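Asker: Pasting in a structure now, in structure tokens, and then I'll have a few things to ask.
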Amino acid sequence: MAGENQQLLGETSGAFVRVPIRSIQVVVDLEDPLAPELTVEDFVKTYGIGPVSPRFRMLNLEVLTCPEDQQPILVSECGHCPRFVRRLDNVAYFRRENPAGLVSP
Numbered sequence: 019m020a021g022e023n024q025q026l027l028g029e030t031s032g033a034f035v036r037v038p039i040r041s042i043q044v045v046v047d048l049e050d051p052l053a054p055e056l057t058v059e060d061f062v063k064t065y066g067i068g069p070v071s072p073r074f075r076m077l078n079l080e081v082l083t084c085p086e087d088q089q090p091i092l093v094s095e096c097g098h099c100p101r102f103v104r105r106l107d108n109v110a111y112f113r114r115e116n117p118a119g120l121v122s123p
């Protein structure tokens, strides 16, 4: 209970920025390299059926908006940021300020 209270205190102290993580499912055609990647919804709307293996592969892309430059990035890139603290469920936590002496790549 005390750890939970400390976590909530840290989140509400203004020291951290919470950034929601968005998960996008994309369908890739393994037989036609020129076919565009489509979201599952767009694929069904375009072809009238769901993707069927082995020709089509569904990928799950997790993206968020970088709190430093407001550009979309993959969640896997967060580990390179000195402000990144941790991921919890579908939220990434970043320090509001860079740690002393560290610069983002």
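Position one of the sequence shown corresponds to residue 19 (the working numbering), numbered consecutively onward. Built from N, CA and C at the ideal position, the CB exists for glycine as well. Nothing here was measured: the structure is a model prediction, and the numbers come from that model.
1. Measuring CA to CA, which of R114, A33 and V46 is closest to L79?
2. CB-CB under 8 Å to P85, same chain, minus the five flanking residues each way: which ones, in chain order?
3. Tell me, which residues are paired with T57 by DSSP?
4. From K63 to E49, what does the alpha carbon distance come to, in whole angstroms?
5. Mapping the DSSP letters down to three states, classify V62 as helix, strand or coil.
6. Using C-beta distances below 7 Å, list every residue in its chain close to F61, excluding the 5 sequence neighbours before and after it, in chain order.
Answerer: On the basis of the data shown:
1. V46
2. V35, V37, R101 and F112
3. V44
4. 20 Å
5. helix
6. V45 and P69
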